[in-house]
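Enquirer:
Residue numbers (the numbering used here), protein chains in the order written: chain A, 1 to 261; chain H, 1001 to 1262.
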């Protein structure tokens, strides 16, 4: 058993390992693979009055195929943290599971909550450990990590590159295939709409997130769009000092009517 | 070597028992009670925490040497999290932790007469995943373990365990609210502490019960409260999120404690 109190070290001592070896014959963008790797698409996070809203569409694709239209890409990690994922869901869910267990394990074993700095570092190390998969273009995980800093009493948003470098953003972040279509929109609306994101009410922040995902779906075929006929709303969570909260499907439908129709 | 000489081995083990029991005698008992809103674990502590969260639905308390308790607590937490990760949260059960983790670990340390044993007795509580199915396990310093329903307790001496459990079962706290269950548990604690304080206890069960019925458990608790404080945790099925373990708030404890002090 590990004595360092680190969950990933404990897992490794029990024989667990990431798929660390480069697969022969597979090139940088997944060429040479006998299948199209599955990918999650658009996620975003923005600060509002009470904390952070994190949202993601529900689509997972494999090449040109829509693989799944009910994917949840906003994953709860602990009471005050969520990880939103774009890229390879297989590795992203694995990383999210390791992270969730790491934070709980640390709290229970060390009898204290892990600091935000340490949480960010754990995620960074996991993304770095996943580098061989990312290099081959089949397992890159590019998450947004959002959390509520109870000491500073403020919501915080971080995004990562494929090497594990972590960047804190002040007001918003978006990644995934649809991000290109909405990143400029987010900058513009945050700066010149008259209400900077950190001043938005909860409903306005959630409504704006729905509009942004709808816009991403308009210009990116890999991003799923909310349709009345299929009725699969996006995933939206808020994180405040009280912890994280799912916005229920009924409320999302109402907000969709209010903000998009 | 010792193992080549059965008599010396038996003697060494007997010495070990005497030594460990002597160390444990003054320990503060840990009491587990199933009540209307989940499972309650109660003890009195000097300073540092005595009741711990092992996993989402599993609590752990112990009597013994703090470092030995830490080692056992950490191995329970390690095992639970490895199972929880490799399988699922639903696969983490107290039975696995005790049968495959704590029990064998404590037993092998106890039998290995050139190693130091764990000077600890452990009580674990598990909130069932459906209605019912909640249970308690005790693990003794020699690796002996028992499963209980409704109530379980460990004290500084083995005789205390049965006395405390019977006291709780007689009060039938299964439909009690938290404050009443806490009160029953504290009374049981007093009885367990009383047993540990006696120079000798009657070997006969009936005589032991008769002696215990004369004991003033409340007075023992009242005396202990001069230097110790109550620690209580609840495994609450109505708790939000996956983690059902929470410490009982000091205000909730204070109302019970103040009535005992009076």
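Don't be surprised by glycine CBs; every beta carbon is placed ideally from N, CA and C.
Since the model is a prediction, treat every value here as computed from it, not as a measurement.
In chain order, what residues of the same chain have a beta carbon less than 6 Å from the beta carbon of residue 1187(H), not counting five sequence neighbours either side?
Expert: Contacts found: 1217.
Enquirer: Where does residue 189(A) fall in DSSP's three states?
Expert: It is helical.
Enquirer: When Cβ atoms are compared, which residues of the segment 1070-1090 of chain H fall closer than 9 Å to chain D?
Expert: Among the protein chains of the structure shown, namely A and H, there is no chain D.
Enquirer: Given 8 Å as the limit, is there contact between the segment 231-243 of chain A and the segment 1014-1033 of chain H, that is, 3 or more CB pairs closer than that?
Expert: In short, these stretches do not touch, since the Cβ pair count stays below three.
Enquirer: Taking residue 1239(H) as the reference, give the member of 98(A), 49(A), 79(A), 13(A) with the closest Cα.
Expert: Answer by Cα proximity: 79(A).
Enquirer: Whole angstroms is fine: what's the gap from residue 2(A)'s alpha carbon to residue 129(A)'s?
Expert: Its pLDDT being 46, under 50, residue 2(A) is placed unreliably in this model, and the value from its coordinates should be taken loosely. If I take the Cα positions, the gap works out to 19 Å.
Enquirer: Are the segment 1011-1023 of chain H and the segment 1101-1113 of chain H touching by the rule of at least three beta carbon pairs closer than 8 Å?
Expert: Result yes; three or more Cβ-Cβ pairs closer than 8 Å.
Enquirer: Can you tell me whether DSSP reads residue 83(A) as helix, strand or coil?
Expert: Residue 83(A): strand per DSSP, three-state reduction.
Enquirer: Which two residues bound the contiguous alpha helix (DSSP H) that contains residue 43(A)?
Expert: No alpha helix (DSSP H) holds residue 43(A); the beta strand (DSSP E) holding it covers 43-48.
Enquirer: Where does residue 1226(H) land, buried or exposed, given buried means 16+ other C-beta within 10 angstroms?
Expert: Classification for residue 1226(H): exposed.
Enquirer: Could you tell me the boundaries of the alpha helix (DSSP H) in which residue 132(A) lies?
Expert: It spans 131-135 - the alpha helix (DSSP H) in which residue 132(A) sits, taken as one unbroken run.
Enquirer: Taking C-beta pairs closer than 7 Å, name the residues in chain H that residue 14(A) reaches, listed in chain order.
Expert: Those are 1082, listed as they occur along chain H.
Enquirer: Are the C-beta of residue 1053(H) and some C-beta of chain A separated by less than 8 Å?
Expert: Output row for residue 1053(H): interface = yes.
Enquirer: Applying the 10 Å Cβ sphere with the 16-neighbour rule, what's the burial state of residue 151(A)?
Expert: Residue 151(A) comes out exposed.
Enquirer: Hey, is residue 259(A)'s beta-carbon within less than 8 Å of any beta-carbon in chain H?
Expert: No, because no Cβ of chain H sits closer than 8 Å to the Cβ of residue 259(A).
Enquirer: When you compare the CB of residue 1248(H) with every CB in chain A, is at least one pair closer than 8 Å?
Expert: Closer than 8 Å: no.
Enquirer: At a Cβ threshold of 8 Å, is residue 1118(H) touching chain A?
Expert: Taking Cβ atoms only, chain A never reaches closer than 8 Å to residue 1118(H), which makes this a no.
Enquirer: Is any beta-carbon of chain A found at less than 8 Å from that of residue 1095(H)?
Expert: So no, residue 1095(H) is outside the interface.
Enquirer: Could you have a look at residue 178(A) and say whether DSSP puts it in helix, strand or coil?
Expert: In this structure, residue 178(A) counts as coil in the three-state DSSP scheme.
Enquirer: Could you spell out where the alpha helix (DSSP H) holding residue 1180(H) opens and where it closes?
Expert: Counting along the chain, the alpha helix (DSSP H) containing residue 1180(H) begins and ends at 1178-1197.
Enquirer: Measuring only from the beta carbon, is residue 18(A) closer than 7 Å to any heavy atom that is part of the ligand NAP?
Expert: With respect to small molecules bound, the structure shown includes none, and the ligand NAP cannot be examined in it.
Enquirer: When the distance is taken between beta carbons, is residue 1024(H) closer than 8 Å to residue 1121(H)?
Expert: Contact flag set, yes.
Enquirer: By DSSP, does residue 1097(H) sit in helix, in strand, or in coil?
Expert: Three-state DSSP puts residue 1097(H) in a helix.
Enquirer: Beta carbon of residue 115(A), beta carbon of residue 164(A): below 8 Å?
Expert: Contact: no.
Enquirer: Within the 8 Å Cβ cut-off, does residue 200(A) reach chain H?
Expert: Not an interface residue.
Enquirer: Within a Cβ cutoff of 7 Å, which residues of the same chain sit near residue 66(A), ignoring the five residues on either side of it in sequence?
Expert: Same-chain partners within the cutoff: 59.
Enquirer: Can you tell which of 178(A), 205(A), 40(A), 175(A) has its C-alpha closest to the C-alpha of residue 189(A)?
Expert: Looking at the Cα atoms, 205(A) is the closest of the given residues.
Enquirer: Report buried or exposed for residue 136(A), applying the criterion of at least 16 other Cβ atoms within 10 angstroms of its Cβ.
Expert: It counts as buried.
Enquirer: Have a look at residue 51(A) and residue 1041(H) and give me their C-alpha separation to the nearest angstrom.
Expert: Going by the C-alpha atoms only, they are around 36 Å apart.
Enquirer: Since I believe residue 232(A) is in contact with residue 270(A) (beta carbons under 8 Å), could you give me their beta-carbon distance rounded to a whole number of angstroms?
Expert: Residue 270(A) is absent from the model: chain A starts at 1 and stops at 261.
Enquirer: Select from the segment 1230-1247 of chain H all residues with a C-beta closer than 8 Å to any C-beta belonging to chain A, and list them in chain order.
Expert: Those residues of the segment 1230-1247 of chain H that come within reach of chain A (Cβ to Cβ, closer than 8 Å) are 1241, 1243.
Enquirer: What beta strand (DSSP E) runs, 3 residues minimum, are completely inside the segment 105-168 of chain A?
Expert: Qualifying beta strand (DSSP E) stretches, in chain order: 144-149, 154-160.
Enquirer: Of all the alpha helix (DSSP H) runs that stay within the bounds of the segment 195-241 of chain A, which reach a length of 4 or more residues?
Expert: If we require 4 residues or more, the alpha helix (DSSP H) runs fully inside the segment 195-241 of chain A come out as 202-219.
Enquirer: Along chain A, which residues have their Cβ under 8 Å away from the Cβ of residue 1049(H)?
Expert: Those are 111, listed as they occur along chain A.
Enquirer: So with Cβ pairs under 8 Å, would you call residue 1(A) a contact of chain H?
Expert: The predicted model places residue 1(A) with a pLDDT of 45, which falls under 50 and marks its position as unreliable; any figure quoted below should be read in that light. Closer than 8 Å: yes.
Enquirer: List the residues of chain H whose Cβ lies closer than 9 Å to the Cβ of residue 97(A), in chain order.
Expert: Residues of chain H passing the Cβ test: 1085.
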